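Engineer: Protein chains in written order, with the numbering used here: chain A, 289 to 444; chain B, 289 to 444. Don't be surprised by glycine CBs; every beta carbon is placed ideally from N, CA and C. Small disclaimer: the values here were computed from a predicted structure and weren't measured. The structure follows.
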């Protein structure tokens with residue numbers, strides 16, 4: 289039921305995993321675009337990614353975002369300006385450096401992000417609820433193993 | 289062997305899949321950074337993503353990249369300028385519009401991209417070769433089903 293149009297080509301199980309990982313990562317871009325619009329209709333995907341990082345860290349300097357995303361400071365500045373204009377992110381004084389500022393989510397930004405993520409989570413569950421429990425368990429376990437091994441490679 | 293430190297918290301199989309998908313997508317950022325450096329030591333991740341899109345389409349207008357990545361034109365221009373400076377991307381006249389140009393990979397850009405991707409593919413295989421064949425097959429099949437269902441949702 290899962291294979292199909294493959295015919296006589298030699299496709300190894302490695303090829304399958306590789307292709308499906310690539311598909312998933314490509315789709316991640318679309319998903320990010322969709323969730324960005326859920327957060328705010330005028331939010332660009334790149335600015336959403338930046339907002340997610342602010343949420344993840346609680347507060348962060350713009351210069352650290354520049355390093356993290358591999359985007360120059362001008363690019364980060366423009367995205368931060370958009371996030372401020374939309375009322376999603378604000379600047380707080382940096383307790384460690386009076387002249388510096390840290391980016392934080394506004395209360396509205398936080399609640400919009402939570403609501404958009406809840407929506408995504410609900411859609412994911414609706415999809416997986418149609419699967420056999422054993423398949424859901426297997427996907428979680430295999431992805432978990434894959435990720436942990438990638439971590440240990442990255443760390444070593 | 290795959291579970292562990294979970295204790296008495298109620299973690300459903302959905303939570304596992306959700307968390308591991310999030311881990312995987314987060315890791316995608318790191319992987320993109322690594323492969324960007326493999327392509328060229330001075331290549332930023334954002335510019336690598338743009339270069340990948342050029343490779344995927346064969347040739348593309350800069351304005352289409354701006355739409356696709358949700359980045360403003362200035363941001364795309366700066367990344368394209370970096371890619372040109374590194375000799376990875378060049379501009380060809382657009383056959384449909386004499387005044388417009390399309391971005392293409394240079395031969396050097398193409399061979400560097402291929403080599404970097406081969407390296408990533410080899411590392412993925414080395415990882416999965418340590419798995420039981422049945423687990424590799426299951427991961428490919430389950431991810432494939434997940435992706436196809438996401439496609440059909442996105443299309444409907």
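1. If you scan the stretch 369–420 of chain A from start to end, which runs of the alpha helix (DSSP H) of 4 or more residues do you find wholly inside it?
2. What residues in its chain sit with their C-beta under 8 angstroms from that of residue 319/B, if we drop five residues either side in the sequence?
3. State yes or no: is the beta carbon of residue 335/B nearer than 9 angstroms to at least one beta carbon in chain A?
4. What residues from chain A crowd round residue 358/B, counting only those whose CB sits closer than 7 angstroms?
5. From the DSSP output, in three-state form, read off residue 299/A for me.
6. Comparing the CB of residue 345/A with every heavy atom of the ligand FAD, is any distance shorter than 8 angstroms?
7. So which residues of chain A does residue 301/B contact, with C-beta pairs closer than 7 angstroms?
8. Check whether the stretch 307–325 of chain B and the stretch 424–432 of chain A touch, using three or more Cβ-Cβ pairs below 8 angstroms as the test.
9. Starting from the C-beta of residue 294/A, find all residues in its chain whose C-beta is less than 7 angstroms away, skip the five residues before and the five after it, and write them out in chain order.
10. Since residue 315/B and residue 438/A are thought to touch, with beta carbons under 8 angstroms apart, how far apart are those beta carbons, to the nearest angstrom?
11. Consult DSSP for residue 359/A and reduce its assignment to one of helix, strand or coil.
12. For residue 364/B, which option in 378/A, 376/A, 334/A has the closest C-alpha, if you only look at C-alpha atoms?
13. Report yes or no: do the stretch 366–380 of chain A and the stretch 340–358 of chain B share at least 3 C-beta pairs separated by less than 8 angstroms?
14. Using a C-beta cutoff of 9 angstroms, does residue 307/B count as contacting chain A?
15. Do we get a CB-CB distance below 9 angstroms when we pair residue 371/B with the residues of chain A?
16. Name the chain B residues whose beta carbon is nearer than 7 angstroms to that of residue 363/A?
17. Should the stretch 412–427 of chain B be regarded as contacting the stretch 352–364 of chain B, the criterion being three or more beta carbon pairs within less than 8 angstroms?
18. Kindly list, in the order they appear in chain A, the residues whose Cβ is closer than 8 angstroms to that of residue 406/B.
19. Residue 338/A versus chain B: which residues are under 9 angstroms apart at the beta carbon?
20. Closer than 9 angstroms by beta-carbon distance: list the chain B residues that pair up with residue 415/A, in chain order.
21. Whose Cβ in chain B lies nearer than 8 angstroms to the Cβ of residue 316/A?
22. Skipping 5 residues on each side, what residues in its chain have a beta carbon closer than 7 angstroms to that of residue 353/A?
Structural biologist: By the coordinates alone:
1. 395–416
2. The residue labelled residue 319/B in the question sits at position 31 within the second chain. Counting only Cβ-Cβ distances below 8 angstroms, and skipping sequence neighbours, we find 408.
3. The sequence position of residue 335/B within the second chain is 47, counting from 1. Closer than 9 angstroms: yes.
4. Counted from its first residue, the second chain places residue 358/B at position 70. Per Cβ cutoff of 7 angstroms: 321, 332, 333, 334.
5. Along the first chain, read from residue 1 onward, the residue named residue 299/A stands at position 11. If DSSP states are grouped into helix, strand and coil, residue 299/A belongs with coil.
6. Only the bare structure without any ligand can be found here, which leaves the ligand FAD out of the picture.
7. If you number the second chain from 1, residue 301/B lands on position 13. Result: 421, 424, 425, 428.
8. yes
9. As a working mapping, residue 294/A is identified with position 6 in the first chain. At residue 294/A the pLDDT is 49, less than 50, meaning the model places this residue with poor confidence; the figure from the coordinates comes in the next sentence. So the list is empty, once near-sequence residues are dropped.
10. To locate residue 315/B, count along the second chain from 1; it is residue 27. To locate residue 438/A, count along the first chain from 1; it is residue 150. Contact flag correct, Cβ pair sits at about 6 angstroms.
11. Here residue 359/A corresponds to residue number 71 of the first chain, with the count starting at 1. DSSP places residue 359/A in coil when its eight states are reduced to three.
12. Position 76 of the second chain, counting from 1, holds the residue named residue 364/B. For residue 364/B, the nearest C-alpha among the options comes from 334/A.
13. no
14. Counting from one through the second chain, the residue named residue 307/B turns up at place 19. Answer yes: the Cβ-Cβ gap between residue 307/B and chain A drops below 9 angstroms somewhere.
15. Here residue 371/B corresponds to residue number 83 of the second chain, with the count starting at 1. No, no contact with chain A.
16. Position 75 of the first chain, counting from 1, holds the residue named residue 363/A. Here the neighbours are 363.
17. no
18. To locate residue 406/B, count along the second chain from 1; it is residue 118. The contacting residues do not exist; residue 406/B stays about 12 angstroms from chain A at best.
19. By 1-based counting over the first chain, the position of residue 338/A is 50. None at all; the shortest Cβ gap to chain B is about 11 angstroms.
20. Here residue 415/A refers to the residue found at position 127 of the first chain. Going along chain B in sequence order, the residues near residue 415/A (Cβ under 9 angstroms) are 434, 437, 438, 441.
21. Locating residue 316/A in the first chain gives position 28, counting from the first residue. Here the neighbours are 313, 316.
22. Residue numbering aside, residue 353/A sits at position 65 when the first chain is read from its first letter. Correct list, in chain order: 338, 341, 364.
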